[in-house]
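What follows is a single structure, written as structure tokens, with notes after it.
Residue numbers (the working numbering): 1241 to 1521.
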């Protein structure tokens, strides 16, 4: 019931992508304008193109660097012999996930901002300053590091659960055949994670064009829209702030359709390689 009320029923609001929507007269009375709102996708609007390029760049960066981080961390945790140390490390790594992005951004500003701990230390030792927060060239690197720090620990839960189901006899048999730690990881551990990795990657592709709305919105002021605008913030800035509801809805609708296509395509590829994927066709 909650899923129906808060997820499926609001989808009906996508009709404003085909209207000249005016909030004060509502959906039922706003005039229809066909595909006019979608023209921004094809007419080379500079702000939209900047948002699209930044979104695609961040998507690629996060798939390459953020997605594997929990896997590598889970493998490192699984190699710990002491269960007490493993649980303590897990608890420490889980904590950042429960912090809001407001707190995370504030922490990074206190550490890496112009008046943060790092620059105060450098100034105290006559080493100049290092401009990280507010530097457009480092903005995407900063976003990526924040995501890894905040969510990698929490992401290890599923991978550690999968690793706990690996039969120890497989490791013993591999060791008897002369396999060292690395060969055991390659031939036993990673194959046990393959199905889960493919499933999570497919789900990630469905949300590929969503790259951290709140995180980016909180830090846009320091680097400018050209360097930080993504599709989600474009929808917010043009819809809620600028009042261009129809165009914003059109961009959001296209983003959702692209996500569905990516999921379906990735699922077919998973079937081709013998994996179950998200569903069986």
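By construction, the Cβ of each residue, glycine as well, lies at the ideal position given by its N, Cα and C atoms.
Just tell me which of the options has its CA closest to the CA of residue i.
i            : options                : result
residue 1430 : 1305, 1280, 1314, 1260 : 1314
residue 1514 : 1500, 1434, 1496, 1462 : 1434
residue 1448 : 1262, 1249, 1248, 1301 : 1301
residue 1309 : 1248, 1385, 1290, 1292 : 1385
residue 1508 : 1442, 1462, 1403, 1416 : 1442
residue 1506 : 1419, 1398, 1445, 1288 : 1445
residue 1278 : 1512, 1488, 1511, 1503 : 1488
residue 1305 : 1383, 1469, 1332, 1413 : 1383
residue 1273 : 1362, 1256, 1353       : 1256
residue 1348 : 1388, 1367, 1365, 1366 : 1388
residue 1503 : 1439, 1364, 1455       : 1439
residue 1220 : 1510, 1415, 1428, 1396 : This structure cannot settle anything about residue 1220, because the visible part of the chain is limited to 1241 through 1521.
residue 1299 : 1271, 1363, 1368, 1380 : 1380
residue 1330 : 1401, 1407, 1369, 1263 : 1401
residue 1454 : 1290, 1261, 1346, 1419 : 1346
residue 1290 : 1464, 1496, 1500, 1498 : 1464
With burial defined as no fewer than 16 other Cβ atoms inside 10 Å of the residue's Cβ, what is the status of residue i: buried or exposed?
i            : result
residue 1371 : exposed
residue 1246 : exposed
residue 1328 : exposed
residue 1390 : buried
residue 1269 : exposed
residue 1478 : buried
residue 1322 : exposed
residue 1325 : exposed
residue 1452 : buried
residue 1486 : buried
residue 1404 : exposed
residue 1512 : exposed
residue 1352 : buried
residue 1364 : exposed
residue 1469 : buried
residue 1350 : exposed
residue 1413 : exposed
residue 1359 : buried
residue 1261 : buried
Determine which residues share a DSSP beta bridge with residue i and list them.
i            : result
residue 1272 : 1259
At what residues does the alpha helix (DSSP H) containing residue i begin and finish?
i            : result
residue 1384 : 1379-1403
residue 1409 : 1408-1416
residue 1342 : 1341-1352
residue 1286 : 1286-1301
residue 1431 : 1430-1446
residue 1198 : Summary: the structure shown does not reach residue 1198, with the chain confined to residues 1241 through 1521, and so no result is reported for it.
residue 1373 : From DSSP, residue 1373 is part of no alpha helix (DSSP H); its letter is neither H nor E.
residue 1422 : 1421-1424
residue 1334 : 1323-1334
residue 1318 : 1308-1318
residue 1245 : Element bounds for residue 1245: n/a, residue is neither H nor E.
residue 1456 : 1453-1457
residue 1361 : 1357-1364
residue 1461 : 1460-1463
residue 1476 : 1471-1476
How about residue i: is its C-beta nearer than 7 Å to some C-beta of chain D?
i            : result
residue 1286 : Judged by its chain identifiers, the structure shown contains no chain D, having just a single protein chain.
Checklist line | Segment contact flag, the segment 1312-1326 with the segment 1492-1499, C-beta cutoff 8 Å, min 3 pairs | finding: no
Notebook entry, point to check: Is the segment 1367-1382 touching the segment 1456-1464 in the sense that three or more CB pairs, one from each, lie closer than 8 Å?
Noted result: yes
Margin query: If contact is defined by three or more beta carbon pairs under 8 Å, each pair taking one atom from either stretch, is the segment 1468-1484 in contact with the segment 1242-1259?
Written below: Look at the beta carbons and you see the segment 1242-1259 not touching the segment 1468-1484: under three pairs across the two are nearer than 8 Å.
Next item on the list: Could you tell me whether the segment 1289-1296 touches the segment 1467-1476, where touching means 3 or more Cβ pairs closer than 8 Å?
Entry: yes
Item checked: Any 3 or more C-beta pairs closer than 8 Å across the segment 1330-1341 and the segment 1392-1401 -> yes
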